[in-house]
Amino acid sequence: MKINLITYGTKHREEGSVTADFDFPCYHLANPHNTSMKNLNGLDSKVQAFVFHYSENDAWGTIAAAEDVIGSLADDGNDEVTVAFHCIGGRHRSVSLAERLAKELKVHFRDTEVNVNHMELSNDS
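Heads up: the sequence shown begins at 78 in the numbering used here, then just goes up one per residue.
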């Protein structure tokens, strides 16, 4: 099985414009963009710690929901599952969640290929 995780920002592309089996909004999570971490992104451990500290239940709840969706789609016989996460800029909250989920999936689905594509980070120089 192959699992693709995609992150994007609705400031750059329309919500739902990314082809995915399920698309999770991350607007409800604490936003590091409004702090001194504005120039960092969700790959940075400081940003991930911020998101999971200030939005702990919501962040883990979103990850649990994503794991449930992936598990259900896998049980239905899908060989490839794509899950997207989006927020406004696509650089902090969505990236933090996708990175944490990728780590979790590599533990729970050991024989599965997990790919992560941060669409807005690929535009960075």
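Virtual Cβ for every residue (Gly too), placed ideally from N, Cα, C.
Keep in mind it's a predicted model, so treat the numbers as computed, not measured.
- Message: Can you check which of these residues, T112, N194, G148, is closest to H163 by C-alpha distance?
- Response: N194
- Can you give the beta carbon distance from A143 to F101, rounded, assuming they're within the 8 Å contact cut? 6 Å
- 7 Å Cβ shell around L178 - same chain, five flanking residues per side excluded: L82, I140, A143
- Task: Can you give me the Cβ contacts of D121 inside the same chain, cut-off strictly under 8 Å, excluding the 5 residues immediately before and after it?
- Result: M114
- Between the CA atoms of L182 and V191 - distance to the nearest angstrom: 7 Å
- Item | Nearest candidate by alpha-carbon position, reference I147, set V160, F129, R90, E91 | V160
- Length at least 3, wholly inside the stretch 106-170: the beta strand (DSSP E) runs in chain order: 157-164
- Task: Could you tell me which residues DSSP pairs with V95 in its beta bridges?
- Result: Answer is none; V95 lacks a bridge partner.
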